[in-house]
Amino acid sequence: MQLEKQIAFLKALGDPTRMKIVHLLSGSTLHGQAIAGKLGLTPPTISHHLTKLKESGVIISRRNKNTIYFELNKKMVKQHLMSILSLIEQEEREEVEEKEKILGNFIDQNGRLKTIPSQRKKKLIVLEYFAAKLELGRKYEEKEINEFIKQFHEDFATIRREFINHQFMYRDQGIYELNPREMWLN
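Take the sequence shown: its letters are residues 1 to 186, numbered as in the UniProt record's numbering.
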């Protein structure tokens, strides 16, 4: 039941005209004619969208004599948005826990890599962990990168190649530079 309400909420907001109505109602209470005038749409079109928003609980209405006024149901909108944020935060926590577990399995107490993971997902997590220790914007000679990697694992050539293959680093004529995080393959 809660999932159905969430779906109805998102569907209601999934239309550009309805989002414009939500923006208008976030600042004030308006009647249908005023909304139609502000958006340059016909009253029947606005009526259709208001019905969809009302059915999903995004807006509420109240009658004053012969005029129906609409306002944003801020409490309900906030509840739905908080619920969505909570799902995202839970997923992020689980992702962090998974990364910590993987790092715990492949890195010893001294911070050295036990073995290079064969699974791509685990390998990327380990490479990200080591790449994060490099300075963004600094240019490294190949010898410097080799020494950096040797602190963590003896097979510096493989790890250096993996840094390049998975876009953690850029290489040009023996000079290595860390790419911004947005470019790293995940």
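Here a beta-carbon is modelled for each residue, glycine too, at the ideal position from N, C-alpha and C.
Sorted by chain position, which residues of the same chain lie with C-beta nearer than 6 angstroms to K139's C-beta, five sequence neighbours on each side aside?
Result list for K139: I175 and E177, in chain order.
Could you check what DSSP says for H153 in three-state terms: helix, strand or coil?
Three-state DSSP puts H153 in coil, outside helix and strand.
So, at 8 angstroms on beta carbons, what are the nonlocal neighbours of A34 in its own chain, with the 5 sequence-adjacent residues on each side left out?
none
Give every residue of the same chain whose Cβ lies closer than 6 angstroms to the Cβ of E128, excluding the five residues on either side of it in the sequence, and list them in chain order.
none
Could you check which residue in K122, R160, K123 and L50 has the C-alpha nearest to that of I145?
R160
Let's test the definition: count the other Cβ atoms within 10 Å of the Cβ of G32 and tell me whether it reaches 16, buried, or not, exposed.
It is buried - the Cβ of G32 has at least 16 other Cβ atoms within 10 Å.
Starting from S47, trace the alpha helix (DSSP H) both ways and give me its first and last residue.
P43 to E55
What's the gap between the Cα of T45 and the Cα of I88?
Their Cα atoms are separated by approximately 35 angstroms.
Look up K101 in the DSSP assignment and say whether it is helix, strand or coil.
helix
Buried or exposed: which applies to L10, given that a residue is buried once 16 or more other Cβ atoms fall within 10 Å of its Cβ?
Flag for L10 reads exposed.
By Cβ distance, which residues of its chain are closer than 7 angstroms to E100, with the 5 residues on each side in sequence left out?
none
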